[in-house]
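Engineer: Sequential numbering from 28 applies to the first sequence in our numbering. For each residue, glycine too, the CB sits at the ideal point set by N, CA and C. Small disclaimer: the values here were computed from a predicted structure and weren't measured. I am attaching a structure below and will ask some questions about it afterwards.
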Amino acid sequence: MGIPFFRGLREQLKLCFKVQNGWGIWVDVLSDAFCVFGMRILLIHADRFSFRVTGETTAALPGELDKSKSEGDVSEALVVFMAAEKGDNANVGSVADRVTEEVLTLAAQIGAENLVIYPYAHLSSSLSSPRVAVKLLDEIFTRLQSHNHLKIIRAPFGYYKAFEISCKGHPLSELAKTITPSGHADKADEAEESQAIKAEKTLESEWMIMTPEGKSAYSGPAEGFSFATRPNLQRLFRYEKSGSRISEQSPPHIDLMRRMELVDYEPGSDQGNFRWYPKGQLIKRLAETYVSNFNTRYGGMQVETPIMYDYQHPKLNLYLQRFPARQYVLLSDQKEYFLRFAACFGQYLIQHDMQISHHHLPCKLYELTHYSFRREQSGELAGLKRLRTFTMPDLHTLAKDMEQAKEEFVRQADLAIECLEGFGLDFEVAIRFVRDFAEQNKPFVQDLVSRCGRPALIELWEERSFYFVAKLEFNFIDALDKAACLSTVQIDVENPERFDITYVDESGEKQHPLLLHASISGSVDRVLYAILETQAIRMKRGQKAAFPFWLAPVQLRIIPVSEKFDKACREILSGIPYRIDYDDRDSSMGRKIREAEREWIPYILVVGAKEVAGGYLNVRTRDGAQRKMTLPELLAEIEPQMKGKPFLELPLPQDIARRPIFVG
RNA sequence: GCCAGCGUAGCUCAGCUGGUAGAGCUGCUGAUUUGUAAUCAGUCGGUCGGGGGUUCGAGUCCCUCCGCUGGCUCCA
Numbered sequence: 028m029g030i031p032f033f034r035g036l037r038e039q040l041k042l043c044f045k046v047q048n049g050w051g052i053w054v055d056v057l058s059d060a061f062c063v064f065g066m067r068i069l070l071i072h073a074d075r076f077s078f079r080v081t082g083e084t085t086a087a088l089p090g091e092l093d094k095s096k097s098e099g100d101v102s103e104a105l106v107v108f109m110a111a112e113k114g115d116n117a118n119v120g121s122v123a124d125r126v127t128e129e130v131l132t133l134a135a136q137i138g139a140e141n142l143v144i145y146p147y148a149h150l151s152s153s154l155s156s157p158r159v160a161v162k163l164l165d166e167i168f169t170r171l172q173s174h175n176h177l178k179i180i181r182a183p184f185g186y187y188k189a190f191e192i193s194c195k196g197h198p199l200s201e202l203a204k205t206i207t208p209s210g211h212a213d214k215a216d217e218a219e220e221s222q223a224i225k226a227e228k229t230l231e232s233e234w235m236i237m238t239p240e241g242k243s244a245y246s247g248p249a250e251g252f253s254f255a256t257r258p259n260l261q262r263l264f265r266y267e268k269s270g271s272r273i274s275e276q277s278p279p280h281i282d283l284m285r286r287m288e289l290v291d292y293e294p295g296s297d298q299g300n301f302r303w304y305p306k307g308q309l310i311k312r313l314a315e316t317y318v319s320n321f322n323t324r325y326g327g328m329q330v331e332t333p334i335m336y337d338y339q340h341p342k343l344n345l346y347l348q349r350f351p352a353r354q355y356v357l358l359s360d361q362k363e364y365f366l367r368f369a370a371c372f373g374q375y376l377i378q379h380d381m382q383i384s385h386h387h388l389p390c391k392l393y394e395l396t397h398y399s400f401r402r403e404q405s406g407e408l409a410g411l412k413r414l415r416t417f418t419m420p421d422l423h424t425l426a427k428d429m430e431q432a433k434e435e436f437v438r439q440a441d442l443a444i445e446c447l448e449g450f451g452l453d454f455e456v457a458i459r460f461v462r463d464f465a466e467q468n469k470p471f472v473q474d475l476v477s478r479c480g481r482p483a484l485i486e487l488w489e490e491r492s493f494y495f496v497a498k499l500e501f502n503f504i505d506a507l508d509k510a511a512c513l514s515t516v517q518i519d520v521e522n523p524e525r526f527d528i529t530y531v532d533e534s535g536e537k538q539h540p541l542l543l544h545a546s547i548s549g550s551v552d553r554v555l556y557a558i559l560e561t562q563a564i565r566m567k568r569g570q571k572a573a574f575p576f577w578l579a580p581v582q583l584r585i586i587p588v589s590e591k592f593d594k595a596c597r598e599i600l601s602g603i604p605y606r607i608d609y610d611d612r613d614s615s616m617g618r619k620i621r622e623a624e625r626e627w628i629p630y631i632l633v634v635g636a637k638e639v640a641g642g643y644l645n646v647r648t649r650d651g652a653q654r655k656m657t658l659p660e661l662l663a664e665i666e667p668q669m670k671g672k673p674f675l676e677l678p679l680p681q682d683i684a685r686r687p688i689f690v691g
């Protein structure tokens with residue numbers, strides 16, 4: 028098939044459908060192609076259609092080609108472009124039946140007697156195996172042949188073909204359909220199914236619990252562990268093992284993220300793409316700065332890479348072939364690009380081009396992926412927990428050998444622990460290993476668990492079915508007892524070779540290093556989810572919610588007893604170098620206190636005649652206590668809470684009377 | 001994506017079996033100048049998610065699309 032023809036057709040179709048139906052069929056085909064499994068067919072009623080074979084493809088399996096079938100030319104035909112997608116092999120018979128029915132129905136409606144069956148892989152990016160595709164095409168062909176009034180031309184499978192088409196352009200002349208399998212599997216496919224189940228079984232794993240060494244150390248089956256002191260670890264284990272969830276409520280952070288004017292839905296975008304109000308944006312920026320500081324202090328060299336990549340890039344394409352399900356795809360001129368789902372690609376491509384010697388190892392690249400995109404299924408989205416567009420710190424470390432990889436692994440685990448603690452988050456540890464690796468590295472495993480300082484859930488795989496041999500996860504358990512992974516560190520044994528990343532060793536030989544993937548905090552959006560859920564849990568227990576001081580959008584608020592103290596308040600404002608604001612609105616003090624409490628403001632300073640006369644501050648804190656303090660005393664109390672944490676200015680008007688309302 | 005529930009003012013929600021929309025909060029205006037979680041009064045504000053249909057008449061019934069939530073699946 029000639030690419031120019033293909034491009035021309037695509038443009039033409041896009042225009043046709045926009046005019047006729049008001050929506051762009053091609054855009055739809057592209058976006059849906061990554062989440063629906065089925066047979067895709069594109070039906071065109073054509074005045075004329077011709078094709079000729081131009082060469083063999085490498086990906087598919089060309090069969091014997093009869094000279095007479097290498098080209099075709101027909102007038103007044105219904106041309107059926109088809110692509111078999113993964114999933115069809117569940118029941119080839121039923122899919123063939125339904126495709127045949129669709130084709131016959133349309134052919135009758137438009138009165139077409141000539142049919143063209145045209146294998147057209149480009150309708151899908153999630154193709155079935157060529158074997159299944161050919162089988163399906165055979166079955167459809169056989170079924171159609173039984174209708175004697177139809178003349179059928181069949182373009183060969185597994186060849187590049189050029190074609191010309193002249194579409195009639197009437198309302199029924201162009202239709203795109205997806206046929207999904209239904210009914211029970213037929214005999215020939217049962218074997219295939221059970222093979223799939225077999226593959227699934229090798230994924231089965233053993234679950235253990237290992238505790239830090241000590242008096243009551245435990246290392247054994249997860250079922251035999253007493254979870255009495257770690258209820259959340261038990262929740263994680265259940266969640267991982269069974270995947271069952273019980274909840275009719277929506278997660279409390281969703282209400283909080285809106286009520287606190289942090290983040291909100293954006294119906295004007297795609298699902299899972301949120302708008303960030305000033306307070307939320309501030310928290311996000313602080314969190315990003317905080318975690319980036321961990322990465323750069325550790326030696327991560329910060330880079331920035333493109334958010335979109337060539338769909339046809341040979342190396343990236345391999346990756347996508349393996350995980351084809353969920354990308355955003357976009358067109359630029361005639362080329363297809365996918366939006367990155369992590370920083371991996373960009374960094375692999377940089378590392379591939381770098382000159383690296385063993386002197387440079389371990390070599391660490393860091394990026395804050397602002398943004399990463401995953402086209403999650405709509406039903407999988409959940410507030411800030413699961414988004415389609417998210418921000419994530421991504422650190423990639425090249426290591427000389429396994430010893431060095433393990434050494435860096437534990438250092439990164441330490442960073443992750445410190446980082447999550449700084450956010451005020453509790454977490455449960457899960458570590459997943461390929462069994463051989465765990466058995467050959469027992470001291471490493473025990474050391475890792477000890478550093479985490481809590482019992483860890485260990486999963487052991489018999490075989491490596493992903494790119495890593497070891498994966499550490501810190502999981503957060505939310506107010507509805509659901510788990511979400513935050514930090515992770517992984518040892519990748521596959522991608523340096525795939526992306527041809529090399530370093531030069533002591534004897535001048537090129538070697539593939541090992542690669543550590545780490546996200547010190549996990550997704551920044553998800554960190555905010557975890558912070559808000561943590562506060563929801565506190566409130567459920569009757570405690571007051573609070574942001575960690577360094578993250579509080581407003582850290583201090585001055586409330587005057589009356590307008591008369593305006594001047595005194597403004598003097599105090601200028602002497603406090605934190606995010607402080609001033610409630611200068613015309614309302615009662617009681618109301619102002621209430622509103623400040625509802626905003627979780629850590630320090631409320633009430634200023635009236637007594638304070639002005641006495642030269643002290645009256646400080647109300649989250650615990651409800653009121654204390655008389657001097658300014659230096661207050662500053663001395665605040666200072667340690669900011670230690671090692673970033674600071675950014677108040678992103679709102681300081682006078683509240685001048686501040687607009689974003690939500691409510 | 002599939003199945004289910006939901007979508008009424010900026011926010012939270014009421015509106016029975018179809019008769020043409022209501023409250024509180026917010027906002028605005030005025031009064032009030034307040035001592036630690038809601039001062040009082042007046043007032044603005046609605047293509048009842050979008051489109052189509054049934055009907056003399058639709059927030060209410062039907063279809064369809066969009067969005068949110070839950071479950072399934074998924075989470076490289």
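Between P183, A139, R565 and K178, which lies nearest to A148 when the distance is taken from Cα to Cα?
Structural biologist: It is P183 whose Cα lies nearest to the Cα of A148.
Engineer: I need the straight-line Cα distance from L171 to L131, nearest angstrom please.
Structural biologist: Taking the straight line joining both Cα atoms gives about 8 Å.
Engineer: Rounded to whole angstroms, what's the CA-CA distance from L662 to Q668? Just pull it up for me.
Structural biologist: Computed Cα separation, rounded: 10 Å.
Engineer: Leaving out five residues before and five after C446 in sequence, what residues of the same chain have Cβ atoms less than 8 Å from its Cβ?
Structural biologist: Only Y317, V318, F321, S514, I547 and S548 meet the Cβ criterion.
Engineer: Contact between the segment 410 to 425 and the segment 299 to 319: three or more CB pairs below 8 Å?
Structural biologist: The segment 410 to 425 vs the segment 299 to 319: in contact.
Engineer: Assess contact between the segment 480 to 487 and the segment 528 to 536, defined as three or more Cβ pairs (one per stretch) separated by less than 8 Å. Is contact present?
Structural biologist: Not touching, per the Cβ criterion.
Engineer: Determine the direct distance from the alpha carbon of E394 to that of D508, and round the result to whole angstroms.
Structural biologist: Between D508 and E394, the C-alpha separation is close to 31 Å.
Engineer: Could you pull the start and end residues of the beta strand (DSSP E) that Q361 belongs to?
Structural biologist: No beta strand (DSSP E) holds Q361; DSSP gives it neither H nor E.
Engineer: Near H379, what residues of its chain come up, given a Cβ to Cβ distance below 7 Å and the 5 sequence neighbours on each side ignored?
Structural biologist: Around H379: F526, D527 and I528.
Engineer: Do the segment 561 to 572 and the segment 611 to 618 meet, that is, are 3 or more Cβ pairs less than 8 Å apart?
Structural biologist: The segment 561 to 572 is not in contact with the segment 611 to 618.
Engineer: Quick check: what's the CA-CA separation for K498 versus A465?
Structural biologist: Approximately 11 Å, taken between the alpha carbons.
Engineer: Quick one: residues in its chain with C-beta nearer than 7 Å to the C-beta of Y605, no 5 flanking neighbours on either side, listed in chain order?
Structural biologist: Within the same chain, Y605 has close Cβ partners Q582, L583 and I665.
Engineer: CB-CB under 8 Å to G410, same chain, minus the five flanking residues each way: which ones, in chain order?
Structural biologist: Closer than 8 Å at Cβ, skipping near neighbours: S277, P278, H280, I281, M284 and Y556.
Engineer: Output the residue ranges of the alpha helix (DSSP H) runs that lie fully inside the segment 466 to 529 and measure 4 residues or longer, sorted by chain position.
Structural biologist: Complete alpha helix (DSSP H) runs here, min 4: 469 to 479 and 522 to 525.
Engineer: For N259, which of helix, strand or coil comes out of DSSP?
Structural biologist: Helix.
Engineer: In terms of alpha-carbon separation, which member of G82, F503, G535 and F495 lies closest to Q517?
Structural biologist: Out of G82, F503, G535 and F495, F495 has the C-alpha closest to the C-alpha of Q517.
Engineer: On a CA-only basis, which of A369, A563, E233 and I585 is nearest E638? Give me that one, please.
Structural biologist: Cα-wise, what sits closest to E638 is I585.
Engineer: I need the boundaries of the alpha helix (DSSP H) containing A595, first residue and last residue.
Structural biologist: First-last of the alpha helix (DSSP H) with A595: D593 to S601.
Engineer: In chain order, what residues of the same chain have a beta carbon less than 8 Å from the beta carbon of Q339, not counting five sequence neighbours either side?
Structural biologist: The residues are K362 and E363.
Engineer: From what residue to what residue does the alpha helix (DSSP H) around S319 run?
Structural biologist: Looking at the DSSP string, the run of the alpha helix (DSSP H) that includes S319 is P305 to R324.
Engineer: Check whether the Cβ atoms of S193 and D337 lie closer than 8 Å to each other.
Structural biologist: No, Cβ-Cβ distance for S193 and D337 is not below 8 Å.
Engineer: Between L357 and K391, which are expected to be in contact by the criterion C-beta below 8 Å, what is the C-beta distance as a whole number of angstroms?
Structural biologist: Their Cβ separation, rounded to whole angstroms, is 31 Å, which puts L357 and K391 out of contact at 8 Å.
Engineer: Hey, how far is the Cα of Y398 from the Cα of I334?
Structural biologist: Y398 and I334: Cα-Cα distance of roughly 7 Å.
Engineer: Go ahead and label H544 buried or exposed: buried means 16 or more other beta carbons lie within 10 angstroms of its beta carbon, across all protein chains shown.
Structural biologist: H544 is buried by the Cβ-count criterion.
Engineer: In the segment 370 to 422, which residue ranges form an unbroken beta strand (DSSP E) of at least 3 residues, counting only runs that do not cross its ends?
Structural biologist: Listed in chain order, the complete beta strand (DSSP E) runs (minimum 3 residues) inside the segment 370 to 422 are 390 to 400.
Engineer: Nearest to R745 by CA position, among G326, V143 and L679, is which residue?
Structural biologist: Missing from the structure shown is residue 745; the chain here goes from 28 to 691 and no further.
Engineer: With a Cβ-Cβ cutoff of 8 Å, do A426 and T396 count as a contact?
Structural biologist: Not in contact: A426 and T396 (Cβ atoms no closer than 8 Å).
Engineer: Just the Cα atoms here: how many angstroms apart are Q562 and L408?
Structural biologist: Straight-line Cα distance between these residues: approximately 21 Å.
Engineer: How would you label E227, buried or exposed, when you count the other beta carbons within 10 angstroms and need 16 or more for buried?
Structural biologist: Caution applies to E227, whose pLDDT of 45 falls short of 50 and renders its modelled position unreliable; the model cannot decide the point.
Engineer: Give, in chain order, every unbroken run of the alpha helix (DSSP H) that is at least 4 residues long and sits entirely within the segment 425 to 469.
Structural biologist: List check, alpha helix (DSSP H) in window: 429 to 449 and 462 to 467.
Engineer: On a CA-only basis, which of Q136, F108, S102 and V520 is nearest L150? Give me that one, please.
Structural biologist: Checking every option, the nearest Cα to that of L150 belongs to F108.
Engineer: What's the C-alpha gap between T657 and L644?
Structural biologist: Distance between the alpha carbons of T657 and L644: 6 Å.
Engineer: Under a three-way DSSP split, which group does P269 fall into?
Structural biologist: Contrary to the premise, residue 269 reads as Ser rather than Pro in this sequence. Helix.
Engineer: Looking at the unbroken alpha helix (DSSP H) that takes in V551, where does it start and where does it end?
Structural biologist: That run of the alpha helix (DSSP H) goes V551 to K567.
Engineer: Taking just the CA atoms, how far does S477 sit from L677?
Structural biologist: Taking the straight line from one Cα to the other gives about 40 Å.
Engineer: With a CB to CB cut of under 7 Å and the five nearest residues on each side skipped, what residues in its chain are close to R401?
Structural biologist: Counting only Cβ-Cβ distances below 7 Å, and skipping sequence neighbours, we find R353, F368 and R415.
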